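For reference, the structure discussed in these notes is given below.
Protein chains in written order, with my numbering: chain A, 62 to 407; chain B, 62 to 407.
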């Protein structure tokens, strides 16, 4: 592979500079993406390998990131498990028949991923061919708790209180559903790897809504199974936004990397997570709306705080749709220029 | 005062049991509140002292909390400063003409609070009379950063990226606006105290959206001024949701109490904040949707973890509208019963 910085960072090698990519880098801030969004529906873009491939490669060519991440959505999993999922542009996900009771659970199945999600693996094979070893490809899935949030609440929420109430009032039912999602996700990620994903990231977007005990019982318990099942095949990155309090148990899962958001300093993240794991993050996505000189200065501070060992430069959450492309490029370029900085260090 | 547990907890006295109140306790989960909501608009309820008084006292009578908190809204401050603020039921706040540029700032003034917010002080005097020393009254205001969020973004947001971008791209303008809000808030809270508020809480609902450095520069710097101006008159409680990383500097402001959310353990909160401050929180509001026996068990665990010294039992955020009243009462009653538990301790 021509650029294997990401994989080397995940292995813990000391490299000339940190690798850089951005969560949601294949997305709405790119005019080239918006052109395709005008022409094709969201799931059409996910389900058509040629479109998914084109979108996945856009940020490699346009902003020069060090890794590609599969263009898809975490909600293809509940879809494959039997639930209807709609993605309404600018309104977010909508599941018309969410899970509320034991009888609702009968509508949910652990699918044969090769039947239901074949289009993802086809996209991965095509992307790998088109990438032609220029950079690694990151596969991904949602964490079971985050998937349950949508399956139960039926839509986005600030609090996901209905999803939580489901777990608190019907804990055995919740455990059964979480285990079904976990089993599906393991099969799904294993097939992503078989199709060519070089590493996988598990996104627990709503992990930060849970207190430490609930995070262990409702989320991390299942993430741990996923990491255990995958970690001998590829390095696994876990990103539970907001779950700073559980960086240590997350590091102990066997993950190779941990995503962190901007609300924790590099020093605290390293202290909490320990030395044997790669940290990934943690630029405030809203800061990409700053003037470019401010972005450059803040990126340099971030890299100085994390260093180039066991570190992957990224945002602390997905890139915002209103970020100018040249600001995203300034972020990436400033990380790349840190090579000079590290070379000059005594 | 017949029940001064809250004030004694804020002073650091060891008491028989922790006092208990709930953020948003005067609100939508109460049928008695919903009756008034049907008849009067939101700001009508805030601006009519008899209505504000009746709503403020409802949770004292109905669920038996140890303190009343003024029924009002943090957005009366931007309203008094010259901006139009609408509160659309179930949609949230809406400011039709938000602040974006230097010329927009000309529409903002530091008002005479006795002219613009007289109705609040009238409500406080009436509440104090009706409370008749049964329990203390908590006054409040939003933190300047949180108020700026609405003034700039114009509505609720998951990320308040436009408010952040305003601070990052026009830092001097942002500092001027933050200082104007701070000056207004100090005058406003001083008059609340003069009218009879026994303590005041500063709500930084969106403090947790800022990284540690930004939190200091954009938020805490101004909260500190407010605490300094008020702390010799009444004990001040600061609640910056999600800002666990800054509990120490927040404790150092001179505040008597710090609100904390449910994503931090009692042990970590005490370790980070130090021993010389009262902690307030931190029950997950969604957990009030659990069956009552689960609520009772979880409340007991919480109190055991915090103890009865320098602690006020509360939620980690506002009570949700869909919480049954008997669940709220179970929360309050379980805290009150802890007196027996503490008495039995060796």
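Just so you know, even glycine gets a beta-carbon here, dropped at the ideal spot from N, CA and C. No experiment lies behind these values; they were computed from the predicted model shown.
Across which residues does DSSP place residue i in a beta bridge pair?
i, result
"residue 262 of chain A", "A/201, A/298"
"residue 370 of chain B", "B/75"
"residue 303 of chain B", "Answer is none; residue 303 of chain B lacks a bridge partner."
"residue 143 of chain B", "Note: residue 143 of chain B sits in no beta bridge, so no partner."
"residue 154 of chain B", "B/148"
"residue 81 of chain B", "B/374"
"residue 130 of chain A", "A/199"
Please state whether the Cβ-Cβ distance between residue i and residue j is less than 7 Å.
i, j, result
"residue 320 of chain A", "residue 341 of chain A", "yes"
"residue 234 of chain B", "residue 114 of chain B", "no"
"residue 366 of chain B", "residue 396 of chain B", "no"
"residue 171 of chain B", "residue 65 of chain B", "no"
"residue 96 of chain B", "residue 133 of chain B", "no"
"residue 413 of chain B", "residue 221 of chain B", "This structure does not reach residue 413 of chain B, given that chain B is present from 62 up to 407, and the question cannot be answered."
"residue 139 of chain A", "residue 247 of chain A", "no"
"residue 89 of chain B", "residue 382 of chain B", "yes"
"residue 85 of chain A", "residue 76 of chain A", "no"
"residue 119 of chain A", "residue 91 of chain A", "yes"
"residue 160 of chain A", "residue 212 of chain A", "yes"
"residue 338 of chain A", "residue 312 of chain A", "yes"
"residue 399 of chain A", "residue 364 of chain A", "yes"
Less than 8 Å between the CB atoms is what I'm expecting for residue i and residue j, so what's the real figure, rounded?
i, j, result
"residue 409 of chain A", "residue 174 of chain A", "Coverage of chain A is limited to positions 62 through 407, which leaves residue 409 of chain A absent and any answer about it impossible."
"residue 126 of chain B", "residue 393 of chain B", "6 Å"
"residue 272 of chain B", "residue 323 of chain A", "4 Å"
"residue 391 of chain A", "residue 356 of chain A", "5 Å"
"residue 276 of chain B", "residue 307 of chain B", "5 Å"
"residue 378 of chain B", "residue 309 of chain B", "Actually they do not touch by this definition, with Cβ atoms about 22 Å apart."
"residue 135 of chain A", "residue 203 of chain A", "3 Å"
"residue 87 of chain B", "residue 117 of chain B", "5 Å"
"residue 184 of chain A", "residue 131 of chain A", "7 Å"
"residue 93 of chain A", "residue 121 of chain A", "Rounded, the Cβ-Cβ distance is 12 Å, inconsistent with contact."
"residue 315 of chain B", "residue 288 of chain B", "5 Å"
"residue 264 of chain B", "residue 201 of chain B", "6 Å"
"residue 137 of chain B", "residue 178 of chain B", "6 Å"
"residue 11 of chain A", "residue 129 of chain A", "Look at the range of chain A in this structure, 62 to 407, and you will see that residue 11 of chain A is not part of it."
"residue 254 of chain B", "residue 281 of chain B", "The Cβ separation is near 22 Å, so there is no contact."
Compare the C-beta of residue i with all C-beta atoms of chain C and state if any pair is closer than 7 Å.
i, result
"residue 308 of chain B", "Although the question refers to chain C, the structure presented lacks it and instead comprises the protein chains A and B."
Which parts of the stretch 176-236 of chain B are runs of the beta strand (DSSP E), unbroken and 3 residues or longer, counting only runs that do not cross its ends? 198-203
With three or more C-beta pairs closer than 8 Å as the rule, is the stretch 91-104 of chain B touching the stretch 364-372 of chain B? no
If we count Cβ pairs, one from each stretch, closer than 8 Å, do we get three or more for the stretch 152-171 of chain B versus the stretch 74-91 of chain B? no
Within the stretch 314-358 of chain A, note down every full beta strand (DSSP E) run reaching 3 residues or more, in order along the chain. 318-320, 339-344
Would you call the stretch 294-305 of chain A and the stretch 235-243 of chain A touching, i.e. three or more CB-CB distances under 8 Å? no
Three CB pairs or more closer than 8 Å across the stretch 247-267 of chain A and the stretch 190-200 of chain A: yes
Which ranges does the alpha helix (DSSP H) cover as unbroken runs of at least 4 residues, wholly within the stretch 381-407 of chain B, from first to last along the chain? 386-405
Could you tell me whether the stretch 215-226 of chain B touches the stretch 348-356 of chain A, using the rule of 3 or more Cβ pairs below 8 Å? yes
Segments of 4+ residues assigned as alpha helix (DSSP H) that fall wholly inside the stretch 82-128 of chain B: 92-100, 103-108, 110-123
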